[in-house]
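*Asks:* Sequence order for the protein chains is A and B.
Counted from 1, the first sequence has number 678 at position 291 by our numbering; the numbering is strictly sequential.
Counted from 1, the second sequence has number 34 at position 33 by our numbering; the numbering is strictly sequential.
Just so you know, even glycine gets a beta-carbon here, dropped at the ideal spot from N, CA and C.
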Amino acid sequence: MGKLNKYILYTAGPVISIILSLAIGGVLIVLIGQNPIEIYLKLFGETLGNTYGIGQVLFKATPLILTGLSVAFAFRAGLFNIGAEGQLTIGAFASAWVGFTFVSLPWIILIPLCVLAGFLAGAFWAGIAGYLKARFGSHEVINTIMLNFIALAVVSYLVNNIYLVPATIHTPEISPNAVLLRFDVITGLFKGSPFNLSFIIALAACFVMYFIIQKTPFGYRIKTLGYNANAAEYAKMNVKKLTVSAMAIAGGFAGLGGLNFVNGYKHYFELGFSENAGYVGIAVALIARNNPFAIIIVAVFFGILEYGGLTVNTLVPKEIVTILQGIIILMIITFTKIFDKKINIKKA
Amino acid sequence: MTDQFAVKMNDITKTFGEDFKANDSIDFNVKAGEIHALVGENGAGKSTLMNILYGMYHPDEGAISINGNGVSIHSPAEAIKLGIGMVHQHFMLVSTLSVLENIILGDEVTGAFDTIDMKRCRQKVKQILNSFDISIDLEEITGRLPVGIQQKIEILKLLYRNADILILDEPTAVLTPQETDELFKTLMELKYEGKTIILITHKLGEVLAVSDTVTVLRKGKVTGVLETSKTNKAELAELIIGEKLIQADTKTSHPTKKIILEVSGLTVKNERSFRAVRDVSFVISAGEILGIAGVEGNGQTELIEAISGLRKIESGSIKINGNAITGKTEIAHIPANRHKHGMVAEYTLSENILLGRDNEKQFSTGMLLKKTALDSFTSSLITEYDIRPQDHNALIAGLSGGNQQKLVAAREMTKQTDVIVISHPARGLDIKAANFVYKTILEESKKGKAILLVSSDLGELLKLSDHIAVMYNGKFTAILDAKQTNKREIGEYMLGVKDK
Chain A
388 MGKLNKYILY TAGPVISIIL SLAIGGVLIV LIGQNPIEIY LKLFGETLGN TYGIGQVLFK
448 ATPLILTGLS VAFAFRAGLF NIGAEGQLTI GAFASAWVGF TFVSLPWIIL IPLCVLAGFL
508 AGAFWAGIAG YLKARFGSHE VINTIMLNFI ALAVVSYLVN NIYLVPATIH TPEISPNAVL
568 LRFDVITGLF KGSPFNLSFI IALAACFVMY FIIQKTPFGY RIKTLGYNAN AAEYAKMNVK
628 KLTVSAMAIA GGFAGLGGLN FVNGYKHYFE LGFSENAGYV GIAVALIARN NPFAIIIVAV
688 FFGILEYGGL TVNTLVPKEI VTILQGIIIL MIITFTKIFD KKINIKKA
Chain B
2 MTDQFAVKMN DITKTFGEDF KANDSIDFNV KAGEIHALVG ENGAGKSTLM NILYGMYHPD
62 EGAISINGNG VSIHSPAEAI KLGIGMVHQH FMLVSTLSVL ENIILGDEVT GAFDTIDMKR
122 CRQKVKQILN SFDISIDLEE ITGRLPVGIQ QKIEILKLLY RNADILILDE PTAVLTPQET
182 DELFKTLMEL KYEGKTIILI THKLGEVLAV SDTVTVLRKG KVTGVLETSK TNKAELAELI
242 IGEKLIQADT KTSHPTKKII LEVSGLTVKN ERSFRAVRDV SFVISAGEIL GIAGVEGNGQ
302 TELIEAISGL RKIESGSIKI NGNAITGKTE IAHIPANRHK HGMVAEYTLS ENILLGRDNE
362 KQFSTGMLLK KTALDSFTSS LITEYDIRPQ DHNALIAGLS GGNQQKLVAA REMTKQTDVI
422 VISHPARGLD IKAANFVYKT ILEESKKGKA ILLVSSDLGE LLKLSDHIAV MYNGKFTAIL
482 DAKQTNKREI GEYMLGVKDK
């Protein structure tokens with residue numbers, strides 16, 4: 388079978404799923420007394436029809452790219468990272484803390500420091516889950532879920548009791564030197580949208596993942612562990628070390644996700660900022676089949692739905708869009724299975 | 002034996018993909034009440050033909066009749082209704098269930114409210130055990146039983162479903178010589194009771210020992226239908242491979258005096274903290290092959306894992322050229338189960354060559370993989386070891402078992418190490434591939450490497466080894482000169498009947 392054919396079959400599943408889901412969503416919209424065509428036109432028109440909308444979409448997509456990468460990277464090592472949410476939260480707080488603590492540093496030092504802090508905090512948090520798995524064999528799904536709760540509680544305590552700006556639920560503002568500029572400030576495009584430089588960091592992270600997985604011996608070991616743990620042991624790979632480092636890098640990616648909100652948008656850390664980006668990241672990675680570049684496309688698609696939901700908010704309840712998201716994910720999972728079977732049959 | 006045909010398959014053709022004819026106008030006829038061997042190399046079309054008979058595939062052309070009635074079989078369920086049952090190479094048993102539960106699974110005798118009537122199930126199974134003179138503990142948990150018994154359970158499952166035509170796919174591949182004898186006894190008993198048996202195999206000794214008739218396939222076509230009593234190994238081999246069988250080389254060179262591998266007082270525990278290897282000592286010199294025989298589960302696996310650095314040593318020492326091994330010592334290791342340990346199915350040939358060798362300077366700078374170097378190295382191995390397809394970018398999962406094994410052998414034999422540990426090098430391989438692997442083992446030996454060879458195939462051990470150690474209960478019960486011993490003597494040590 389030709390390579391092109393294979394790619395067509397790989398994309399056919401998601402495309403059919405999206406069309407079918409929109410049709411089902413249309414029925415729901417009719418049921419609440421609205422015209423689905425009008426709603427969809429508005430939804431896609433206001434997200435993709437002007438640069439402001441596009442900016443909003445890319446802004447929403449940025450953390451999803453990073454949490455998607457996080458889940459995907461861990462998955463390449465055969466680990467299921469449910470903890471991107473917690474890693475994102477810890478990372479975001481770390482970036483903010485550096486930003487409002489070292490206010491006197493120049494931007495050329497402070498910005499890399501914020502990025503590093505986000506990465507390391509996320510890496511540390513996920514590393515704990517990886518260590519528990521490697522050392523004691525406790526399952527990473529449980530570890531990461533529990534660490535999500537702990538992360539939220541720890542950060543909530545820090546914000547509410549130590550770093551709170553009175554009468555708000557957020558920390559002090561970061562230094563202007565820690566700000567990642569909005570594209571509308573730099574280019575004049577995307578007027579008014581919070582789309583900012585952290586998007587570039589997210590794209591760079593995709594390349595980093597691709598590079599690690601495809602080009603380095605370390606990535607080769609990660610893949611080997613993910614495909615066949617027995618073979619990894621047979622090849623005398625240090626499975627425990629690989630488990631911890633794979634989780635840590637995954638957590639690092641998620642930890643970078645906070646830059647978008649903290650350094651690029653509000654300039655402070657606020658509880659509840661993530662809007663479940665950590666969990667949506669699981670769906671992003673799943674649909675993108677852990678491919679770092681497909682993750683960009685899928686994250687943008689989710690960005691369209693998230694921002695699009697806001698644009699039609701006055702006509703249909705935003706739950707409609709949430710339901711649509713759910714249906715799309717279920718459909719894609721189902722249809723990819725069907726098409727995978729076709730691909731496998733052709734192979735045989 | 003009557004002359005009625007239990008199975009008649011006429012002019013069967015099955016094409017895969019564009020033009021790959023797995024079966025090409027095959028006629029296959031089995032008389033009722035006989036044991037009929039179906040032989041051929043891997044890829045000759047045996048499995049395809051049997052899968053057609055078992056309803057897994059539908060033929061493009063051809064007709065099937067069972068006991069004289071024309072049929073069209075669309076699923077295994079329909080095959081079973083027609084009295085056809087198949088024992089696969091990989092058992093389909095639930096290891097946590099009891100023997101009885103496994104036998105009745107999916108076809109239980111039910112009582113009121115669709116509950117399982119265990120009493121009547123047990124009665125029915127016991128009747129079968131009696132009539133075929135098979136003894137087995139129905140209450141034992143299946144997973145605790147040796148492979149030979151598990152296979153019996155598979156056969157019982159078919160008898161329970163009233164199968165009259167039994168297909169056995171490579172049934173002896175996983176059995177010890179004693180278990181094989183036991184299986185053949187059971188098969189004779191089944192035949193005596195009027196069952197028809199189709200035996201898929203490529204071990205010629207077995208064909209001659211138990212079958213009445215042989216059908217030989219090569220490249221999708223029938224190359225011969227013979228009465229077993231009127232043929233011999235050489236004739237069968239020629240029909241199978243299409244040329245005269247070149248006898249596999251036997252070990253001729255002699256080991257030197259230079260000791261390479263020195264194991265002394267080695268004790269190793271298994272997962273359940275049981276001392277699986279107890280106080281074992283031996284040396285292997287340059288150019289020597291030490292074969293290890295033993296019934297599976299007597300410590301061979303643990304011994305190999307300890308020497309190849311995969312298992313912790315409890316006490317004693319393992320030295321290579323006088324230095325105690327560490328976790329980083331490189332040792333070539335051809336594992337018993339290539340699918341589980343020796344390869345990554347999702348990887349290309351190149352990526353599989355890299356397995357365990359990603360630290361080597363020729364393939365990695367430490368930070369970056371040297372893909373070009375890896376690919377050209379792989380290509381050279383593909384040529385040298387005659388691996389097909391000749392494409393380093395092909396996925397290994399698409400290769401035949403023999404080619405996969407050749408790739409694993411190529412990877413391990415080209416490592417810069419003085420010790421090679423090999424288990425079951427030819428398991429599941431056809432004659433040609435097996436001979437090729439034997440040849441490479443002997444070549445490495447000539448180069449002065451120390452080789453440890455574990456196998457359940459005594460013929461293989463006798464042919465390749467200088468000495469054969471027999472492992473029983475974690476200990477070496479004998480170290481015999483391969484030229485001075487025979488299968489029977491080894492067998493006695495294996496069973497613990499004899500002890501030095």
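Do the region 556-565 of chain A and the region 646-666 of chain A meet, that is, are 3 or more Cβ pairs less than 8 Å apart?
*Replies:* A contact exists between the region 556-565 of chain A and the region 646-666 of chain A.
*Asks:* Answer with yes or no whether the minimum CB distance from K407 of chain B to chain A is below 9 Å.
*Replies:* For the purposes of this step, residue 407 of chain B is identified with residue 406 of the second sequence, where counting begins at 1. So, not an interface residue.
*Asks:* What is the rounded straight-line gap between the Cα of I242 of chain B and the Cα of F92 of chain B?
*Replies:* Position 241 of the second sequence, counted from the first residue, corresponds to residue 242 of chain B. Position 91 of the second sequence, counted from the first residue, corresponds to residue 92 of chain B. Their Cα atoms are separated by approximately 29 Å.
*Asks:* In the DSSP output, what is F378 of chain B paired with across the bridge?
*Replies:* Reading the second sequence from its first residue, position 377 is the one you call residue 378 of chain B. None; F378 of chain B has no bridge partner.
*Asks:* Give a yes or no on contact between the region 285-300 of chain B and the region 466-479 of chain B, applying the rule of three or more CB pairs nearer than 8 Å.
*Replies:* These segments touch.
*Asks:* At the level of alpha carbons, what is the spacing between H394 of chain A and I406 of chain A?
*Replies:* For the purposes of this step, residue 394 of chain A is identified with residue 7 of the first sequence, where counting begins at 1. For the purposes of this step, residue 406 of chain A is identified with residue 19 of the first sequence, where counting begins at 1. For clarity, residue 394 of chain A is Tyr in the given sequence; the question names His instead. Cα to Cα, the separation comes out at about 18 Å.
*Asks:* Quick one: what's got a C-beta closer than 6 Å to K158 of chain B's C-beta in the same chain, skipping five residues either side?
*Replies:* Sequence index remark: in the second sequence, residue 158 of chain B carries index 157 (1-based). Within the same chain, K158 of chain B has close Cβ partners I104.
*Asks:* Tell me the DSSP secondary structure of G63 of chain B in three-state form.
*Replies:* Taking the first residue of the second sequence as position 1, residue 63 of chain B is located at position 62. Strand.
*Asks:* Please confirm if the region 321-331 of chain B is in contact with the region 585-595 of chain A, defined as three or more CB-CB distances below 8 Å between the two stretches.
*Replies:* Judged by Cβ distances under 8 Å, the region 321-331 of chain B makes no contact with the region 585-595 of chain A, as fewer than three pairs qualify.
*Asks:* Check the Cβ of A681 of chain A against every Cβ in chain B and list those closer than 8 Å, keeping chain order.
*Replies:* Along the first sequence, one-based indexing puts residue 681 of chain A at 294. Residues of chain B passing the Cβ test: none, with the nearest at roughly 18 Å.
*Asks:* What first and last residue would you give for the alpha helix (DSSP H) that runs through D170 of chain B?
*Replies:* Residue 170 of chain B sits at position 169 when you count from the first residue of the second sequence. Where D170 of chain B is concerned, there is no enclosing alpha helix (DSSP H), although the beta strand (DSSP E) it sits in stretches over 166-170.
*Asks:* Measure the C-alpha to C-alpha separation of A238 of chain B and T202 of chain B and round it to an integer number of angstroms.
*Replies:* Residue mapping note: residue 238 of chain B aligns to position 237 of the second sequence, counting from 1. Residue mapping note: residue 202 of chain B aligns to position 201 of the second sequence, counting from 1. Roughly 13 Å between the two C-alpha positions.
*Asks:* Using a Cβ cut-off of 7 Å, which residues of the region 609-639 of chain A contact any Cβ in chain B, in chain order?
*Replies:* Against chain B - using a Cβ distance shorter than 7 Å - the residues of the region 609-639 of chain A are T611, Y614, N615, N617, A618, E620, Y621, A622, K623.
*Asks:* Can you look up V15 of chain B in the DSSP assignment and give me helix, strand or coil?
*Replies:* Within the second sequence, residue 15 of chain B is the residue found at index 14, counting from 1. Reading the sequence as shown, one finds Lys at residue 15 of chain B and not Val. Strand at K15 of chain B.
*Asks:* Compare the C-beta of K602 of chain A with all C-beta atoms of chain B and state if any pair is closer than 9 Å.
*Replies:* If you number the first sequence from 1, residue 602 of chain A lands on position 215. With 9 Å as the cut-off, K602 of chain A counts as an interface residue toward chain B.
*Asks:* Report the three-state DSSP secondary structure of L262 of chain B (helix, strand or coil).
*Replies:* Here residue 262 of chain B corresponds to residue number 261 of the second sequence, with the count starting at 1. The answer is strand: DSSP assigns L262 of chain B an E or B state.
*Asks:* Between Y607 of chain A and chain B, is any beta-carbon pair separated by less than 9 Å?
*Replies:* The count along the first sequence starts at 1 and reaches residue 607 of chain A at position 220. Chain B contact via Cβ: present.
*Asks:* Could you compute how far the alpha carbon of T384 of chain B sits from the alpha carbon of I129 of chain B?
*Replies:* Position 383 of the second sequence, counted from the start, is the residue given in the question as residue 384 of chain B. Position 128 of the second sequence, counted from the start, is the residue given in the question as residue 129 of chain B. About 54 Å.
*Asks:* Among B:R389, B:L462, B:V226, whose alpha-carbon lies nearest the alpha-carbon of V40 of chain B?
*Replies:* Locating residue 40 of chain B in the second sequence gives position 39, counting from the first residue. The shortest C-alpha separation from V40 of chain B is found at B:V226.
*Asks:* Starting from the C-beta of E480 of chain B, find all residues in its chain whose C-beta is less than 6 Å away, skip the five residues before and the five after it, and write them out in chain order.
*Replies:* As a position in the second sequence, residue 480 of chain B is number 479, starting the count at 1. Residue identity check: residue 480 of chain B is Ile in the sequence provided, not Glu. Hits under 6 Å: H468, A470.
*Asks:* Closest to L466 of chain A by CA distance: which of A:G478, A:G517, A:L475 is it?
*Replies:* Your numbering for residue 466 of chain A matches position 79 in the first sequence. Comparing Cα positions, the closest option is A:G517.
*Asks:* By how many angstroms is the C-alpha of A471 of chain A removed from the C-alpha of N535 of chain A?
*Replies:* Along the first sequence, read from residue 1 onward, the residue named residue 535 of chain A stands at position 148. Along the first sequence, read from residue 1 onward, the residue named residue 471 of chain A stands at position 84. Cα to Cα, N535 of chain A sits roughly 8 Å from A471 of chain A.
*Asks:* So is G310 of chain B buried or exposed if we call it buried at 16+ other beta carbons inside 10 Å?
*Replies:* Reading the second sequence from its first residue, position 309 is the one you call residue 310 of chain B. Buried, by the Cβ-count rule.
*Asks:* Is the distance from the Cβ of I85 of chain B to the Cβ of L50 of chain B below 9 Å?
*Replies:* Stepping through the second sequence from its first residue, residue 85 of chain B is reached at position 84. Stepping through the second sequence from its first residue, residue 50 of chain B is reached at position 49. No, they are not a contact pair.
*Asks:* Using beta carbons (cut-off 9 Å, strictly below), is V455 of chain B in contact with chain A?
*Replies:* Looking up residue 455 of chain B in the second sequence gives position 454. No, V455 of chain B does not count as interfacial toward chain A.
*Asks:* Quick one: using the 10 Å Cβ neighbour count with 16 as the cut-off for buried, is G343 of chain B buried or exposed?
*Replies:* Here residue 343 of chain B refers to the residue found at position 342 when the second sequence is read from its first residue. With 16 or more Cβ atoms within 10 Å of its Cβ, G343 of chain B is classed as buried.
*Asks:* Look at L101 of chain B and A618 of chain A and say whether their C-beta atoms are less than 9 Å apart.
*Replies:* Taking the first residue of the second sequence as position 1, residue 101 of chain B is located at position 100. Taking the first residue of the first sequence as position 1, residue 618 of chain A is located at position 231. No, these two residues do not count as a Cβ contact at 9 Å.
*Asks:* Please list the terminal residues of the continuous alpha helix (DSSP H) segment that includes H627 of chain A.
*Replies:* Counting from 1 along the first sequence, the entry for residue 627 of chain A is found at position 240. A small fix is needed here, since residue 627 of chain A is Lys in this sequence, not His. First-last of the alpha helix (DSSP H) with K627 of chain A: 626-643.
*Asks:* Go through its chain and collect everything with a Cβ distance to F722 of chain A's Cβ below 7 Å, but skip five positions before and after it.
*Replies:* Position 335 of the first sequence holds residue 722 of chain A. Here the set comprises G400, I403, S404.
*Asks:* Which residues in the same chain have their Cβ closer than 6 Å to the Cβ of N647 of chain A, if we skip the five residues on either side of it in sequence?
*Replies:* The residue labelled residue 647 of chain A in the question sits at position 260 within the first sequence. Taken in chain order, the residues that qualify are T449, P450, S585.
*Asks:* Per DSSP, V487 of chain A is paired with what?
*Replies:* Start at 1 with the first residue of the first sequence, and residue 487 of chain A comes out as number 100. Correcting the residue type first, residue 487 of chain A is Phe in the shown sequence and not Val. Paired residue(s): none; F487 of chain A is not in a bridge.
*Asks:* So S491 of chain A and I714 of chain A are supposed to be a Cβ contact under 8 Å. How far apart are they, rounded?
*Replies:* Counting from 1 along the first sequence, the entry for residue 491 of chain A is found at position 104. Counting from 1 along the first sequence, the entry for residue 714 of chain A is found at position 327. About 51 Å separates the two Cβ atoms, so there is no contact after all.
*Asks:* Would V269 of chain B pass as a contact of A307 of chain B if the rule is Cβ separation under 9 Å?
*Replies:* Indexing the second sequence from 1 puts residue 269 of chain B at position 268. Indexing the second sequence from 1 puts residue 307 of chain B at position 306. Yes, the Cβ-Cβ distance between V269 of chain B and A307 of chain B is below 9 Å.
*Asks:* Hey, does S77 of chain B have any beta-carbon neighbour from chain A nearer than 9 Å?
*Replies:* Along the second sequence, read from residue 1 onward, the residue named residue 77 of chain B stands at position 76. Just to set this straight, residue 77 of chain B is Pro in the shown sequence, not Ser. Chain A, which has no Cβ nearer than 9 Å to the Cβ of P77 of chain B, makes this no.
*Asks:* Using a C-beta cutoff of 9 Å, does H255 of chain B count as contacting chain A?
*Replies:* Residue 255 of chain B sits at position 254 when you count from the first residue of the second sequence. Chain A, which has no Cβ nearer than 9 Å to the Cβ of H255 of chain B, makes this no.
*Asks:* Classify R273 of chain B as buried or exposed, calling it buried when 16 or more other Cβ atoms lie within 10 Å of its own Cβ.
*Replies:* In the second sequence, the residue the question calls residue 273 of chain B occupies position 272. R273 of chain B comes out exposed.
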